[in-house]
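Participant: This is the structure I want to talk about, given as structure tokens.
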Amino acid sequence: MDIETAACFSIAFIATPILIVLVRLLFILPSLRLPTSVKKKKKLIQECQLSILLGSGGHTGEMMRIISKLDMGKVSRTWIYTSGDNASLAKAQDYERKSGTSSQYIPIPRARTVGQSYISSIPTTIYSFLFSAIAMLKHRPAVILLNGPGTCVPVAYILFFYKLLGLCNTKIIYIESLARVNKLSLSGLLLLPISDRFIVQWESLYQQYSRVEYYGILI
1 MDIETAACFS IAFIATPILI VLVRLLFILP SLRLPTSVKK KKKLIQECQL SILLGSGGHT
61 GEMMRIISKL DMGKVSRTWI YTSGDNASLA KAQDYERKSG TSSQYIPIPR ARTVGQSYIS
121 SIPTTIYSFL FSAIAMLKHR PAVILLNGPG TCVPVAYILF FYKLLGLCNT KIIYIESLAR
181 VNKLSLSGLL LLPISDRFIV QWESLYQQYS RVEYYGILI
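Taking this note's numbering, the leading residue of the sequence shown gets 1, the next gets one more, and so forth.
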């Protein structure tokens with residue numbers, strides 16, 4: 001085999017998987033298509049396996065108020081929360097007690113605790129990412145509902161990567177925080193390209209960003 005032939009084979013060997021990935025992205029990347037229209041009588045979430053990611057503080061409060069307005073009768077729920085966030089876990093458990101249903105709970109290790117140095121947080125961040133990757137591979141929800149805590153970014157991208165590989169078909173629904181009036185949060189900016197549904201609560205955001213949906217204040 002001469003040098004030119006070997007070079008052609010090498011280029012083809014490298015280019016083929018790249019081309020396959022690019023074609024796959026064209027089919028699954030939400031940012032390359034407009035959001036589908038939603039009929040008025042169609043429920044946001046129908047019978048499915050739903051994961052709900054809880055942040056801390058205000059994020060959990062907003063999420064619980066949003067959940068309380070949804071018809072969750074036929075939805076199998078899994079709550080994802082940061083380990084050690086007992087307040088968020090308690091709110092989820094209280095909701096389930098009142099609804100009289102059972103659900104699952106997945107704690108995600110913290111990538112970095114308050115006051116922890118950046119250097120010492122490297123191994124904990126790697127561990128948190130690997131734990132999340134394994135947990136999402138086992139769980140693979142039909143829909144995941146997010147509303148802005150930093151923890152949601154790696155979880156969403158892990159699920160999108162699995163979708164790219166054909167391992168799941170999770171629909172990512174992101175609801176921007178009510179506190180964001182004129183500009184998306186950093187989490188929102190990072191997740192806008194990969195979210196199947198991206199909902200804002202202020203018309204000013206709806207007018208600034210393409211692909212976002214606006215139905216008024218949801219909480």
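Yeah, the Cβ is synthetic: ideal placement off N, Cα and C, and Gly gets one too.
Kindly give me the distance between the Cβ atoms of VAL143 and LEU53, rounded to whole angstroms, as I take these residues to be in contact under 8 Å.
Facilitator: That pair is no contact at about 11 Å.
Participant: Do GLU62 and ILE219 come within 7 Å of each other at the CB atom, strictly closer than that value?
Facilitator: yes
Participant: Kindly identify the DSSP beta-bridge partner or partners of ARG77.
Facilitator: LEU50
Participant: Of the residues PRO123, THR170, ILE14 and VAL212, which one's Cα is nearest the Cα of PHE198?
Facilitator: VAL212
Participant: Alpha carbon to alpha carbon, how far is ASP85 from SER56?
Facilitator: Each residue's Cα considered, the two are about 7 Å apart.
Participant: On the premise that GLN207 lies in contact with ILE217, defined as a C-beta separation below 8 Å, what is that separation, rounded to the nearest angstrom?
Facilitator: In fact, because the Cβ distance is near 16 Å, the residues do not count as touching under 8 Å.
Participant: Can we say the stretch 178–191 touches the stretch 78–92, given the rule of at least three CB pairs closer than 8 Å?
Facilitator: no
Participant: Label LYS163 either buried or exposed according to how many other C-beta atoms from any shown protein chain fall within 10 Å of its C-beta, with 16 as the threshold for buried.
Facilitator: buried
Participant: State yes or no: is the C-beta of ALA133 within less than 7 Å of the C-beta of ILE106?
Facilitator: In this structure, ILE106 does not lie closer than 7 Å to ALA133 by Cβ.
Participant: Are the beta-carbon atoms of SER51 and ILE80 separated by less than 7 Å?
Facilitator: yes
Participant: Consult DSSP for THR82 and reduce its assignment to one of helix, strand or coil.
Facilitator: strand
Participant: Return the residue from the list SER195, SER187 and TYR127 that minimises the CA-CA distance to THR151.
Facilitator: SER187
Participant: Which value, in whole angstroms, describes the spacing of the CA atoms of SER210 and ARG110?
Facilitator: 33 Å
Participant: To test your reading of the DSSP string, which unbroken alpha helix (DSSP H) runs of 4 or more residues are found completely within the stretch 93–167?
Facilitator: 121–139 and 152–164
Participant: Would you kindly check if the distance between the Cβ of PRO193 and the Cβ of GLN49 is under 7 Å?
Facilitator: Going by C-beta atoms, GLN49 is not nearer than 7 Å to PRO193.
Participant: Going by the beta-carbon positions, is the gap between ASP196 and ILE175 smaller than 7 Å?
Facilitator: Result no, Cβ atoms of ASP196 and ILE175 do not sit closer than 7 Å.
Participant: Taking the straight line between their C-alpha atoms, what separation do you get for LYS74 and TYR118?
Facilitator: Each residue's alpha carbon lies about 43 Å from the other.
Participant: Do the CB positions of ARG77 and SER103 come within less than 7 Å of each other?
Facilitator: yes
Participant: Rounded to a whole number of angstroms, what is the C-alpha to C-alpha distance between THR82 and ILE14?
Facilitator: Cα to Cα, the separation comes out at about 39 Å.
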